[in-house]
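What follows is a short report on a single structure.
In the numbering used here, the protein residues as written are 29 to 158.
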């Protein structure tokens, strides 16, 4: 009896998914919060000066929170790049504006683990509907 090989279904590379999700994240965050820096209040952000910053360093976030809209806000280049995101001010402002429970839930969620590829597919679909 001859064995037949099953062809593996091709998946989009995870890096492409991440790029596509990031495009959607920026679109959603900019539409929701406008072009004012979350941490310093600079107005009229545009072009290369209009970043989408994370509450915590992106490198420290797992797949569950990396593209979570709760942790993203508009930031100017200076705050996001030159000042490393201004994490202390960012979290203080978020506690003030959104409340302690909101921030504490995000901190708890830092410990959640998910299968990155499947999670990214799910949120990309969800974000495209927004």
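Think of the CB as a built atom: it goes at the ideal place given N, C-alpha and C, for glycine as much as any other residue.
So residue i is in the alpha helix (DSSP H); what residue range does that whole segment cover?
i           : result
residue 147 : 144-156
residue 100 : Looking at the DSSP string, residue 100 is not in any alpha helix (DSSP H); the run it does join, the beta strand (DSSP E), is 100-103.
residue 81  : It is not in any alpha helix (DSSP H) - residue 81 instead sits in the beta strand (DSSP E) that spans 79-82.
residue 211 : Outside the displayed range of the chain (29 to 158) lies residue 211, so it cannot be described from this structure.
residue 58  : 42-61
residue 92  : 91-94
With C-beta atoms as the reference, is residue i less than 8 Å away from residue j?
i           : j           : result
residue 66  : residue 102 : yes
residue 134 : residue 97  : no
residue 80  : residue 53  : yes
residue 127 : residue 82  : no
residue 95  : residue 50  : yes
Please list, in chain order, all residues of the same chain as residue i whose beta carbon is under 8 Å from its beta carbon, the five residues on each side excluded.
i           : result
residue 142 : 90, 91 and 92
residue 62  : 102
residue 158 : 52 and 56
residue 74  : 63
residue 39  : 145
residue 156 : 52
residue 152 : 45, 48, 49 and 52
Short of 6 Å in beta carbon distance, which residues of its chain neighbour residue i, apart from the five on each side in sequence? Order them along the chain.
i          : result
residue 70 : 104
residue 60 : none
Write down the C-beta distance between residue i and residue j rounded to the nearest angstrom, noting that I regard them as a contact closer than 8 Å.
i          : j           : result
residue 84 : residue 115 : 7 Å
In its own chain, which residues sit with a C-beta less than 7 Å from the C-beta of residue i, not counting the 5 before and 5 after it?
i          : result
residue 77 : 104 and 105
residue 99 : 82, 83, 84, 93 and 134
If we cut at 8 Å on Cβ distances, does residue i have a partner in chain C?
i           : result
residue 143 : Checking the listed chains, one finds no chain C in this structure; it contains a single protein chain.
Quick test of the definition: if touching needs 3 or more C-beta pairs under 8 Å, does the region 123-135 touch the region 104-111? no
Can you confirm whether the region 43-54 touches the region 139-155 when touching is taken to mean that 3 or more C-beta pairs between the two stretches lie within less than 8 Å? yes
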